[in-house]
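Residue numbers (our numbering), protein chains in the order written: chain X, 59 to 334; chain V, 30 to 366. Beta carbons: idealized from backbone N, C-alpha and C, even for Gly. It should be emphasised that the depicted structure is a prediction, and the values quoted were computed from it without experimental measurement.
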């Protein structure tokens, strides 16, 4: 039986939900508005909500100072590249854990998750030195490698949870039908797990896109993605709020759009394993 | 060809011995049913033959070749699962064609064979549908179609009819039997339903706790059960067992009489009791008679006679058809040859 909710309670919760939503969205909204203001309006006190004159000057300045599209393509290469490599490794790994578990499978899964609990700054020196010696500093493939390693546990965990929902009978039927291991994965498992694989892909592209610690510490000019592009605007000469806002808006716009259009898949991805 | 030989096959999951030691010889073209109560190891045994589980010991031979360690794909067997296990993302046509595609069969041959299987199983109108748009019976036909096109050495059926309703089950039972007569390929069929076993099998393997209790034709099992377990398991309604002094009269630890082997009389008989429940099925009536000392005894009688609940009746077992058992349950020589 459905629980009965009083109309007043319903209205109160709706208002509260909108309020929380607005508070969360406010910084992004403020940054977008500021990016259209002049520098003096941006730091005005009391603050000006809407720009008196809407200007695109900040965007032109940002593009003139450093090439936005170069950083944008670096971000795309690194986030999509690391996610695809992660999936390529993660699908077989999750397959073996979901369908052929051993006594130690749970321990391995926990161990992989535990690497996410370690603060990144704890390993920055060894990784920096390795990168220096292997000449991977400021290279797109070096960053792709690091981000693959960082997001692999999440990829495997998500895929593992999706794969567990697939009846093992169907994979066994494929085996009986003469499918070798890789054919079983390519023709049967992957098509059945497409929704799960899609949300894993989306979530990990977003995580890799937003990753700021390694991308800023291991790059300089050549391989710098958008995260490094934004941070380059907080300079010792002082903060240029309007330009910084324009850079931020440019950096978050692609991922915001991606998130908007794939909301359904993402919600499924973020609540994976929550039901059933 | 499709002979299957199991030689001292055993299987343990950790410390649990599911199948202690089984040896079986299944002839080419035979329809063999594995029957037994749930948890007796019949499905495990089938999965060992399929290669979906690894044996702990013993050898499995197909047509004389040792296949104990061969992967399922290399054994040349086809399996029909209880859950149908159709590929949900493929059409019926692609489901049936899948094994052929895996074997790199040319496209025109695939089309030909799928068409043949679809005609045999009346699936022509559904070839472009997805499995979720089919009824249970149609899904089971697709699963069978997928098995047929491979032209396997043997078919393995794992309780394929348990998800269907009673009427459809009878139909599918007939269809599978006809299919066997048509293809003449070895079939191994797992079920817990002894009626399915009796009606379909050339020979039945009765399993209990991972052991073969008896391997024989349906009528052998019915007429000459090797022990009390088989006697109780084969036959519907179940055989009545009588222990104690009434069994001792027949020089046995216990005796068994099938419900159809009692003579029923309103005047006199060996045992006297009162009708507790009369189940009228039309052609037959099953009487559950409360007999003093023995408890509830089931008797099968013609559908034309009617009995009131509480009515006193007299039962006389057919002396030629009394089964005698020793203390450990082994059958002693009995009347019926």
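- In the structure shown, residue 243 of chain V falls within a strand segment according to DSSP collapsed to helix, strand and coil.
- A Cβ-Cβ separation of about 11 angstroms leaves residue 97 of chain V out of contact with residue 85 of chain V under the 8 angstroms criterion.
- Rounded to whole angstroms, residue 285 of chain V and residue 251 of chain V show a C-alpha spacing of 12 angstroms.
- Taking a Cβ-Cβ cut-off of 7 angstroms, the neighbours of residue 112 of chain V in chain X comprise 225, 227, given in sequence order.
- Residue burial annotation: residue 124 of chain V is buried, with at least 16 other C-beta atoms found within 10 angstroms of its C-beta.
- Taking a cut-off of 8 angstroms on C-beta distances, the stretch 103-123 of chain V touches the stretch 227-239 of chain X, as three or more cross pairs fall below it.
- Assignment of residue 292 of chain X by DSSP, reduced to helix, strand and coil, places it in the strand class.
- For residue 186 of chain V, the nearest beta carbon of chain X is not closer than 9 angstroms to its own beta carbon.
- Below 8 angstroms, too few C-beta pairs join the stretch 319-338 of chain V and the stretch 247-262 of chain V to call them touching: fewer than three.
- When C-beta distances to chain X are compared with 7 angstroms, the residues of the stretch 67-96 of chain V below that value are 79, 81, in chain order.
- Residues of the same chain with a CB within less than 7 angstroms of the CB of residue 317 of chain X, apart from the 5 flanking positions on each side, are 264, 324 in chain order.
- Bounds of any alpha helix (DSSP H) do not take in residue 285 of chain V; it lies within the beta strand (DSSP E) bounded by 283-286.
- DSSP, reduced to helix, strand and coil, places residue 309 of chain V within a strand of the structure shown.
- When Cβ-Cβ separations below 9 angstroms define contact, residue 249 of chain X makes contact with chain V.
- Within the stretch 36-113 of chain V, the complete beta strand (DSSP E) segments at least 3 residues long are 45-55, 60-64, 86-91, 106-109, listed from N- to C-terminus.
- Under the three-state reduction of DSSP, residue 222 of chain V is assigned to coil, being neither helix nor strand.
- When 9 angstroms is used as the limit between beta carbons, residue 106 of chain V is near these residues of chain X: 234, in chain order.
- In terms of Cα proximity to residue 102 of chain V, the closest of X:254, X:130, X:284, X:230 is X:230.
- Runs of the alpha helix (DSSP H) lying entirely within the stretch 251-297 of chain V and spanning at least 4 residues, in chain order: 257-262, 274-277.
- Put simply, the stretch 117-126 of chain X touches the stretch 303-319 of chain X. At least three CB pairs are less than 8 angstroms apart.
- Under the three-state reduction of DSSP output, residue 131 of chain X falls in the helix class.
- At least one C-beta of chain V is nearer than 9 angstroms to the C-beta of residue 252 of chain X.
- Around residue 270 of chain X, the same chain offers 285 as residues with beta carbons nearer than 7 angstroms, after the five sequence neighbours per side are excluded.
- CA-CA distance, residue 361 of chain V to residue 281 of chain V, rounds to 8 angstroms.
- Check the Cα spacing between residue 168 of chain V and each of V:325, V:255, V:298, V:115: the tightest is with V:115.
- One thing to note: residue 177 of chain V has its Cβ no nearer than 9 angstroms to the Cβ of residue 156 of chain V.
- Along the stretch 129-140 of chain V, going in chain order, the ones with a CB nearer than 7 angstroms to a CB of chain X are 131, 132.
- Considering only V:238, V:314, V:67, V:133, the residue with the shortest C-alpha distance to residue 40 of chain V is V:238.
- With respect to the 9 angstroms criterion, residue 183 of chain V and residue 70 of chain V are not classified as neighbours on the basis of their beta carbons.
- Look at residue 231 of chain X: its C-beta is under 9 angstroms from a C-beta on chain V.
- For the alpha helix (DSSP H) assignment, the uninterrupted runs of no fewer than 4 residues enclosed by the stretch 116-183 of chain V are, from N- to C-terminal side, 121-131, 136-149, 165-177.
- When Cβ pairs closer than 8 angstroms are counted between the two stretches, the stretch 219-234 of chain V is seen to touch the stretch 55-70 of chain V, the count reaching three or more.
- Interface criterion met: the Cβ of residue 116 of chain V is under 9 angstroms from a Cβ in chain X.
- Counting only Cβ-Cβ distances below 7 angstroms, residue 102 of chain V has contacts in chain X at 233, 236, 237, 238, in chain order.
- In the three-state scheme derived from DSSP, where H, G and I count as helix and E and B as strand, residue 203 of chain X is classed as helix.
- Of V:324, V:50, V:292, V:287, the smallest CA-CA separation from residue 303 of chain V is found for V:324.
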